[in-house]
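Letter by letter, the sequence shown follows residues 78 to 399 in our numbering.
Glycine included, C-beta positions come from ideal geometry on N, C-alpha and C.
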Amino acid sequence: MKLVIAGPGALGSLLAARITLFLQTQGSQSQTRLWLLDYRPDRAERISQAGIRLQEKERSISVPVKATALPADISTCDILICCTKTATLRACLDHASPLITRETLVIGLQNGILHPDILRQSRGIPAVGITSEGATLEGEGRVRHGGSGLTRFGLLVPVVPEATERLRSLARLFEEAGFQARYTDNPEKHHWHKLFINVGINALSAIYNRTNGQLLTSCSLREPMKKAVAEAVAVARALGITVNGDPIRTVFQVCRQTRHNVSSMLQDVRNKKTTEIDAINGAVVALGKKLGIPTPVNENLVQRVRRLEAMYHEQDSHTEEK
């Protein structure tokens, strides 16, 4: 099996390093070959030369990873895992198009709920991964594993037996590499349940520069968290999505369990990058408008994160002018 991970960000680097470590233990017996695909040739070359530095609780290790910016170096692949943000997913698929055949599993691990429609337009067999793994990119080729979670893989098309088995095999590979992974025949439900968590945590953490756990230390933050999640739940139910348990309570539990984690949106703001606000809270707002469901708290969060983005993008443009 030829496996390609596209995007050397936090999650892509974590997956590439951990899976490569496992494959090394298998030696020549392994039937899997892994590549890391970048869009920047200079960075891909540096990662190929220096590897990825993986920092975990019990170890810090340098992992040699095969990286390239040229799809021609890889030829076609059996599985492509896209670890970019939703905003750059189309560009990622365009860059990786020489790798994709009609039999290639094309898997997206993005936050939010906008990426499935983009994946369905690819030439391959579209699938998704819903993950709660925590990772922080501490520099080029340096990733810290912030917390273990569960990754669920599911198809976005009617069940294709061969594709289903390949997806189950990928879940087993993740398990062997030290992750928790499962196959699901209902990825949409899990997408929404992860969305509730992202809606409650990401924007507030980015606006107030708080870790997940710090969000619970203030009543003034707990209330908008509850209301934002409640709006998302109302939208989901209007769409016929089954909502299990108490999503607000779940978000609070996640904050406690990952209290030291820096959300991906806060990482983006600190690094002055475009966030995934449109795919998370913005998606709730857009669907709410279509369904006639008010989402004032999410609208406010979207506006505030966009203002943050505008501020640092404007600062960058002024710096370039100087």
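Taking the CB atoms as reference points, tell me whether L378 and N358 lie closer together than 8 Å.
yes
Among the residues of its own chain, which have a CB less than 8 Å from the CB of P148, if the five just before and after it don't count?
L114, H172, A173, S174, P175, L176
Nearest residue (CA-CA) to I318, options K266, K349, G211:
K266
Can you tell me whether Y260 is helix, strand or coil according to DSSP?
strand
Go ahead and label M388 buried or exposed: buried means 16 or more other beta carbons lie within 10 angstroms of its beta carbon, across all protein chains shown.
exposed
Hey, quick one: how far does the beta strand (DSSP E) through C159 stretch, first residue to last?
156-159
C-alpha distance - A307 paired with G226, whole-angstrom precision:
24 Å
Taking the Cβ atom as the reference point for each residue, do Q232 and L250 lie within a distance shorter than 8 Å?
Per the sequence shown, the amino acid found at residue 232 is Leu instead of Gln. In this structure, L250 does not lie closer than 8 Å to L232 by Cβ.
Inter-residue Cα distance where the pair is I278 and G189:
13 Å
When you compare each of L170, C154, F273 to G322 by their alpha carbons, which one comes out closest?
F273
With DSSP as the reference, label R287 as helix, strand or coil.
coil
What residue range does the alpha helix (DSSP H) around T102 cover?
87-103
Given that a residue counts as buried once 16 or more other Cβ atoms are within 10 Å of its Cβ, and exposed if not, what is H270?
buried
So, is I138 buried or exposed, given that buried needs 16 or more other C-beta atoms within 10 angstroms?
exposed
Which same chain residues, not among the five before or five after K349, have their C-beta less than 6 Å away from its C-beta?
Y389
L289 and R336: beta carbons closer than 8 Å?
The sequence given here places Asn at residue 289; Leu does not occur at that position. Yes.
Pick helix, strand or coil for K79, following the three-state DSSP scheme.
strand
Starting from G218, trace the alpha helix (DSSP H) in both directions and tell me its first and last residue.
Segment: none, G218 is in no alpha helix (DSSP H) and carries neither H nor E.
Could you pull the start and end residues of the beta strand (DSSP E) that R123 belongs to?
It is not in any beta strand (DSSP E) - R123 instead sits in the alpha helix (DSSP H) that spans 118-127.
How many angstroms separate the CA atom of P264 from the CA atom of S295?
34 Å
Check whether the Cβ atoms of T228 and A204 lie closer than 8 Å to each other.
no
Hey, would you say L210 sits closer than 8 Å to L88, going by beta carbons?
A small correction: the amino acid at residue 210 is Glu; Leu does not occupy that position in the sequence shown. Cβ distance < 8 Å, so E210 and L88 count as in contact.
With DSSP collapsed to three states, give me the class of T372.
coil
Whole alpha helix (DSSP H) runs in the stretch 333-369 with 4 or more residues, listed along the chain?
341-347, 358-368
Sequence-distant residues of its chain with Cβ nearer than 6 Å to T145 (five each side left out)
A121
For I202, which residues does DSSP report across the bridge?
L182
Going by alpha carbons, who is nearest to C169 out of R299, V81, R333, T261?
V81
Going by DSSP, name the residue or residues bridged to S152.
Answer is none; S152 lacks a bridge partner.
Flag this pair as yes or no: are the beta carbons of T352 and V361 separated by less than 8 Å?
no
For A212, three-class secondary structure by DSSP
strand
Quick one: measure Cβ to Cβ for A404 and G201, integer angstroms, because I've assumed they're closer than 8 Å.
The requested residue 404 does not occur in the structure, where the chain is confined to residues 78 to 399.
Helix, strand or coil at V140 according to DSSP, with G and I counted as helix
strand
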